[in-house]
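Novice: Each residue of the sequence shown is one higher than the one before, starting from 20 at the first, in the numbering used here. By construction, the Cβ of each residue, glycine as well, lies at the ideal position given by its N, Cα and C atoms. If you're wondering where the values come from, they're calculated on a predicted model, not measured in any experiment. Pasting a structure here, questions to come.
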Amino acid sequence: MKVLTIIGARPQFIKASVVSKAILEQSSLSEVIVHTGQHFDANMSDIFFEQLGIPKPDYQLDIHGGTHGQMTGRMLMEIESVMLKEKPDRVLVYGDTNSTLAGALAAAKLHIPTAHIEAGLRSYNMRMPEEINRILTDQVSDILFCPTDVAVENLRKEGFEEKPIKILNVGDVMQDSAMFFAQRATAPIGLDQQEGFVLTTLHRAENTDDPVRLASIVQALNEINRNVAPVILPLHPRTRGVIERLGLKLEVQVIDPVGYLEMIGLLQRCGLVLTDSGGVQKEAYFFGKPCVTMRDQTEWVELVSCGANVLVGADQQKIVASVSTSMGKLIQDDGQLYGGGQAASRIADTLARL
Ligand code: UDP
C-alpha cells in the first residue's frame, strides 16, 4: 500500500518521525512524504529532519505566508497535483494545521481514503484556526487515530460512531517521540541557568494576535523572571515579529527556537513549563514537570483533571500566582493517559492490515 504523508509544521515533523519509522518496518507499506513548507526556517524545519532521521521529503511545496485562506488554497492546489501524479492508496495527515486540512480536503475530493492522526481533539473554541482544521479534517477522514479516551468520546458526541469509519484510541504519538528521543537529549549551549528554570513557549494566535493579551503575558514573564525563577524562552519567529512590532520588552532569557533534542534537554532540566503550545503541555507531563497553560481552553483536559496542568489564560496576576504555586509540584505519568508510547506501531499495524 502506498501511503502519502502530508506534513508541514514543527509538531508534525516530531510526530511523523516515529510513525515514518514504524511504516518503514512494515514490508507491505511504502511512504511518499510531502512537506508543504508551512514552517520553513532552518530551526523550525530542517533541524528536525536532521536530528530525528525523518526520511527526506519526496516533495517540497515551499508554501508559507499569506492569510489562512491563501495558504490553505495554494496547498490544496499543489497537494492535489502530487496526489494525481502519485495515485496513493491512502493519505496520512497529522494534527490541526493548514497543511492537515489542505491534505485531507484534497484527498477527499479525489476519493482517496484519509487517516487522521490526533483525531477527535476539541477546544470548543471556533475562533482557533486549529479547531476549524481539526473538525473539518475529522469529517473527511475514514480512519480516526485518537490519542486519548476523551478524543474518542468527543467524536461519539458528534455522532461519528454512526458512520462507516474506524475510530481507534492508539495513544499519543508524541509520547512515542518523547520516549524514543529522551536518551539522546542534549542541553542547548549558552544557557544562563542550568536547572530549575521556567521553560516557556508562546505562539498561539489567540495570544500573539491580541496586543492586550500579549502585553499582559510579557509582563507576567518579566515578573516571574524577577521574582520567582529564571525564564528561558525559545521564541517562535512569528511571536518575535509581533513583539518587536509592538515594541514590547522581554526581560527574560530569549533564545532562538531549538531542535527537538535540545527541547527535551530543556524539559528534563526545567522546574516548570509555562506554555500555550498543545504538544508542550503533554511533554511537561511526560518529563514529570508541572505545567501552567496560558490559554482559556485546552484539548488535553485530562491533564487539568489530574492536576498536572493549570489553565490561566493571559491574566498577568493569575500567570504569576499559578507559576509560584505550581513550581516544584510532583508529577508522575502512570503511562495510562497517553498510551505509554505504542501509538506509532499501532498506527502502522492498522494501516498494514487494511
Ligand atoms: N519544540 C521544539 N523546539 C522549540 C519549541 C518547541 O522542538 O523551540 C517542540 C516541542 O517540544 C513540541 C513541538 O515542538 O514537540 C510543539 O510544537 P508547537 O508548540 O510549535 O505546536 P503545537 O503543539 O502547539 O501545535
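Does the count of Cβ pairs from the segment 153-169 and the segment 336-348 closer than 8 Å reach three?
Specialist: No, they do not touch.
Novice: Terminal residues of the continuous beta strand (DSSP E) containing residue 328?
Specialist: On the sequence shown, residue 328 is found 309 positions in, with the first residue counted as 1. Element bounds for residue 328: 328-330.
Novice: Could you spell out where the beta strand (DSSP E) holding residue 134 opens and where it closes?
Specialist: Stepping through the sequence shown from its first residue, residue 134 is reached at position 115. Where residue 134 is concerned, the enclosing beta strand (DSSP E) stretches over 133-136.
Novice: Just to confirm the assignment: which complete beta strand (DSSP E) runs, minimum length 3, are found wholly within the segment 199-230?
Specialist: Qualifying beta strand (DSSP E) stretches, in chain order: 217-220.
Novice: So, using beta-carbon positions, are residue 287 and residue 211 closer together than 7 Å?
Specialist: Numbered from 1 along the sequence shown, position 268 holds the residue referred to as residue 287. Numbered from 1 along the sequence shown, position 192 holds the residue referred to as residue 211. No, Cβ-Cβ distance for residue 287 and residue 211 is not below 7 Å.
Novice: Three-state secondary structure (DSSP) at residue 164?
Specialist: Locating residue 164 in the sequence shown gives position 145, counting from the first residue. Correct three-state label for residue 164: strand.
Novice: Which of helix, strand or coil does DSSP assign to residue 256?
Specialist: Taking the first residue of the sequence shown as 1, we reach residue 256 at position 237. Of the three classes helix, strand and coil, the one that applies to residue 256 here is helix, per DSSP.
Novice: Out of 224, 123, 351, which one is the CA nearest neighbour of residue 55?
Specialist: Your numbering for residue 55 matches position 36 in the sequence shown. It is 123.
Novice: Quick check on residue 27: buried or exposed, where buried means 16 or more other Cβ atoms within 10 Å of its Cβ?
Specialist: Residue numbering aside, residue 27 sits at position 8 when the sequence shown is read from its first letter. Buried is the call here.
Novice: State the CB to CB distance for the pair residue 303 and residue 292, rounded to an integer number of angstroms; the pair is presumed to be in contact (CB under 8 Å).
Specialist: Within the sequence shown, numbered from 1, the residue matching residue 303 stands at position 284. Within the sequence shown, numbered from 1, the residue matching residue 292 stands at position 273. About 4 Å; that satisfies the 8 Å criterion.
Novice: Count the other C-beta atoms from every protein chain shown that fall within 10 angstroms of the C-beta of residue 308, then say buried if there are 16 or more, exposed otherwise.
Specialist: Your numbering for residue 308 matches position 289 in the sequence shown. It is buried - the Cβ of residue 308 has at least 16 other Cβ atoms within 10 Å.
Novice: Leaving out five residues before and five after residue 53 in sequence, what residues of the same chain have Cβ atoms less than 6 Å from its Cβ?
Specialist: Residue numbering aside, residue 53 sits at position 34 when the sequence shown is read from its first letter. Within the same chain, residue 53 has close Cβ partners 25, 78, 101.
Novice: Between the segment 255-266 and the segment 353-369, can you find at least three pairs of beta-carbon atoms closer than 8 Å?
Specialist: no
Novice: So, at 7 Å on beta carbons, what are the nonlocal neighbours of residue 279 in its own chain, with the 5 sequence-adjacent residues on each side left out?
Specialist: As a position in the sequence shown, residue 279 is number 260, starting the count at 1. Within the same chain, residue 279 has close Cβ partners 33, 67, 70, 71, 200.
Novice: I'd like the span of the beta strand (DSSP E) that includes residue 312, first residue to last.
Specialist: Indexing the sequence shown from 1 puts residue 312 at position 293. That run of the beta strand (DSSP E) goes 310-312.
Novice: Buried or exposed: residue 41, going by 16 or more other Cβ atoms within 10 Å of its Cβ?
Specialist: Sequence index remark: in the sequence shown, residue 41 carries index 22 (1-based). Classification for residue 41: buried.
Novice: Any chance the CB of residue 143 is under 6 Å from a heavy atom of ligand 1?
Specialist: Counting from 1 along the sequence shown, the entry for residue 143 is found at position 124. With a threshold of 6 Å, the Cβ atom of residue 143 does not count as near ligand 1, since no heavy atom of the ligand is closer than that.
Novice: Measuring alpha carbon to alpha carbon, tell me which residue in 181, 266, 192 is nearest residue 161.
Specialist: For the purposes of this step, residue 161 is taken as the residue at position 142 of the sequence shown. Of the listed residues, the one whose Cα sits closest to residue 161 is 181.
Novice: So, helix, strand or coil for residue 142, using DSSP?
Specialist: In the sequence shown, the residue the question calls residue 142 occupies position 123. It is coil, neither helix nor strand.
Novice: Would you kindly check if the distance between the Cβ of residue 171 and the Cβ of residue 366 is under 7 Å?
Specialist: Along the sequence shown, read from residue 1 onward, the residue named residue 366 stands at position 347. Along the sequence shown, read from residue 1 onward, the residue named residue 171 stands at position 152. For residue 366 and residue 171, no; Cβs fall outside 7 Å.
Novice: What I want to know is whether the C-beta of residue 36 ends up closer than 6 Å to one or more non-hydrogen atoms of ligand 1.
Specialist: The residue labelled residue 36 in the question sits at position 17 within the sequence shown. Answer for residue 36: no, Cβ out of range of ligand 1.
Novice: By how many angstroms is the C-alpha of residue 133 removed from the C-alpha of residue 364?
Specialist: Taking the sequence shown and counting its residues from 1, one reaches residue 364 at position 345. Taking the sequence shown and counting its residues from 1, one reaches residue 133 at position 114. Residue 364 and residue 133: Cα-Cα distance of roughly 18 Å.
Novice: One question on the structure: do residue 138 and residue 163 come within less than 7 Å of each other, judged by their Cβ atoms?
Specialist: Locating residue 138 in the sequence shown gives position 119, where the first residue counts as 1. Locating residue 163 in the sequence shown gives position 144, where the first residue counts as 1. Yes, the Cβ-Cβ distance between residue 138 and residue 163 is below 7 Å.
Novice: Considering only the alpha carbon of each residue, which of 149, 135, 213 lies closest to residue 186?
Specialist: Taking the sequence shown and counting its residues from 1, the one referred to as residue 186 is at position 167. When only C-alpha atoms are compared, the closest one is 135.
Novice: Output the boundary residues of the alpha helix (DSSP H) element that contains residue 21.
Specialist: Mapped onto the sequence shown, residue 21 falls at position 2. That residue, residue 21, is in no alpha helix (DSSP H); its beta strand (DSSP E) goes 21-26.
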